[in-house]
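Undergrad: To start, I am sharing the structure in question, which I have written as structure tokens.
And the structure:
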């Protein structure tokens, strides 16, 4: 079998998602594939996203990837979004055929709503046997499970999501980020189990690097307003991340514990609602430190220097911040829901994320029991060692090669 040519869609690394988990997943996968497979990999980049194809290419220096830019039909020419999407699919077919790709990997199938960009999805090729293998990552089905929160507030989004969901099941191979997520397309879309494989997400190499020197960490803390040992959480600030529950749990810690520590939450773009909630709970002004987007080097330093990392999310498809924090040596506590038990890998590090009292009890133990905290840190480093971008790239490449060799019946 000759080396397959792979086209990786980088749209989630160009849109607003580039600062969140979808973008991080796409970048770590791309980096791993480029380092291991080089000339066999091309990156697809939208001409209409926030970050230009050239800026995307520059961000991978010194790897110098081959970037193929694709455009979309002008949205204003079409009365409906559905009509525009059909036109885009026709253009995608021509673009992908010209790329010469044997495999098209789409890291974020549900990307592009509100930004008038569409991810790479091969159209219906006239010769089904010659069309490239379509591979899509499965992150979660949370919008389907929580439509009142995720879909209904946005006019037209439910119909868009349902169209995209129907196309999801037509992919030749689905890559699920966890065993928890793998069950969803099988149960919801009746996708044959053989077409859904588990490939966990990966941690960028920066999180495995040695932490900066103490004086640099102290300077970072001072700049960010961290003056005491701190417990760390992370956003974004949507309902699913349960930052309100984390604040409530913090307010229930013993007074002496709160006075000697701070709660720092990274990734918060709209801070005022949380600050208002904190004031209502009686938190002192300097107890809560909200941090918007933090560069990876600084995020790694914060993970490495926090007293505890507490992940209060109510639902995840994977939970990348958990593994990032573990890789940096942070003692990690997380909810006992969805994918998190398999990602954390340690039962005594889990709590009921729906209970502020349970979160508070876990934090109290973590702050008071130094031996347990050290054990969590050791476990985290060992556990995270398997979540490298090289391992992710190898697993995705192997899954694609096997699917090509077997060439399952056409889904179209």
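Residue numbers (the numbering used here): 34 to 445.
Glycine included, each C-beta is placed from N, C-alpha and C at the ideal position.
Note that this is a predicted model, so its numbers are computed, not measured.
By the DSSP assignment, the alpha helix (DSSP H) with residue 330 in it spans what residues?
TA: Unbroken alpha helix (DSSP H) run through residue 330: 329 to 338.
Undergrad: Considering only C-alpha positions, which residue in the set 263, 253, 244 is nearest to residue 397?
TA: When each option's Cα is compared against that of residue 397, the closest is 263.
Undergrad: Please confirm whether residue 327 and residue 360 have their CB atoms less than 8 Å apart.
TA: For residue 327 and residue 360, no; Cβs fall outside 8 Å.
Undergrad: Compare the Cα-Cα distances from residue 123 to each of 136, 98, 151 and report the closest residue.
TA: Closest option to residue 123, Cα to Cα, is 151.
Undergrad: Just how far apart, CA to CA, sit residue 26 and residue 77?
TA: Only positions 34 to 445 of the chain appear in this structure, which leaves residue 26 out of reach.
Undergrad: Tell me the DSSP secondary structure of residue 35 in three-state form.
TA: Reduced to three states, the DSSP call for residue 35 is coil.
Undergrad: Which two residues bound the contiguous alpha helix (DSSP H) that contains residue 51?
TA: That residue, residue 51, is in no alpha helix (DSSP H); it is neither H nor E in DSSP.
Undergrad: What are the boundary residues of the beta strand (DSSP E) that residue 295 is part of?
TA: Where residue 295 is concerned, the enclosing beta strand (DSSP E) stretches over 295 to 299.
Undergrad: Between the alpha carbons of residue 320 and residue 400, how many angstroms are there, rounded?
TA: Near 16 Å, if we compare the C-alpha coordinates of residue 400 and residue 320.
Undergrad: How close, in whole Å, do the beta carbons of residue 429 and residue 338 come, if the pair is a contact with beta carbons under 8 Å?
TA: The pair is not a contact, with the Cβ atoms about 33 Å apart (cut-off 8 Å).
Undergrad: Does residue 348 pass the burial test, meaning 16 or more other C-beta atoms within 10 Å, or should it be called exposed?
TA: Flag for residue 348 reads buried.
Undergrad: For residue 139, report the span of its beta strand (DSSP E) as first-last.
TA: Per DSSP, residue 139 belongs to the beta strand (DSSP E) from 136 to 139.
Undergrad: Which class does residue 158 belong to by DSSP, given the choice of helix, strand or coil?
TA: Its pLDDT being 49, under 50, residue 158 is placed unreliably in this model, and the coordinates cannot settle the point.
Undergrad: State yes or no: is the C-beta of residue 356 within less than 8 Å of the C-beta of residue 344?
TA: The answer is no: Cβ separation not under 8 Å.
Undergrad: Within its chain, find whatever has a CB closer than 8 Å to the CB of residue 373; leave out the 5 residues flanking it on each side and keep chain order.
TA: The answer, listed in chain order, is 344, 346, 349, 352, 355, 367, 383.
Undergrad: Apart from the five residues on each side of it in sequence, which residues of its chain come closer than 7 Å, Cβ to Cβ, to residue 330?
TA: Closer than 7 Å at the Cβ level, and outside the excluded window around residue 330, lie 239.
Undergrad: Buried or exposed: which applies to residue 80, given that a residue is buried once 16 or more other Cβ atoms fall within 10 Å of its Cβ?
TA: Exposed, because fewer than 16 other Cβ atoms sit within 10 Å of the Cβ of residue 80.
Undergrad: Tell me residue 206's beta-bridge partners as DSSP assigns them.
TA: Paired residue(s): 168.
Undergrad: What does residue 185 pair with, by DSSP beta-bridge criteria?
TA: None; residue 185 has no bridge partner.
Undergrad: How close, in whole Å, do the beta carbons of residue 52 and residue 140 come, if the pair is a contact with beta carbons under 8 Å?
TA: That belief does not hold up - the Cβ atoms of residue 52 and residue 140 are roughly 15 Å apart, past 8 Å.
Undergrad: So, does the CB of residue 346 fall closer than 8 Å to a CB anywhere in chain C?
TA: Checking the listed chains, one finds no chain C in this structure; it contains a single protein chain.
Undergrad: Using only the alpha-carbon positions, how far apart do residue 144 and residue 424 sit?
TA: Taking the straight line from one Cα to the other gives about 25 Å.
Undergrad: Rounded to whole angstroms, what is the Cα-Cα separation between residue 105 and residue 406?
TA: Roughly 51 Å between the two C-alpha positions.
Undergrad: Go through its chain and collect everything with a Cβ distance to residue 325's Cβ below 7 Å, but skip five positions before and after it.
TA: Counting only Cβ-Cβ distances below 7 Å, and skipping sequence neighbours, we find 301, 302.
Undergrad: Looking only at DSSP bridge pairs, what is residue 264 linked to?
TA: Per DSSP, 296, 341.
Undergrad: For the region 163 to 172 against the region 207 to 214, are there 3 or more C-beta pairs whose distance is under 8 Å?
TA: Taking 8 Å as the limit for Cβ pairs, the verdict is that the region 207 to 214 does touch the region 163 to 172.
Undergrad: Less than 8 Å between the C-beta atoms of residue 377 and residue 342, yes or no?
TA: Not in contact: residue 377 and residue 342 (Cβ atoms no closer than 8 Å).
Undergrad: Are the beta-carbon atoms belonging to residue 519 and residue 74 less than 8 Å from one another?
TA: Past the edges of the chain, shown from 34 to 445, lies residue 519, and the structure says nothing about it.
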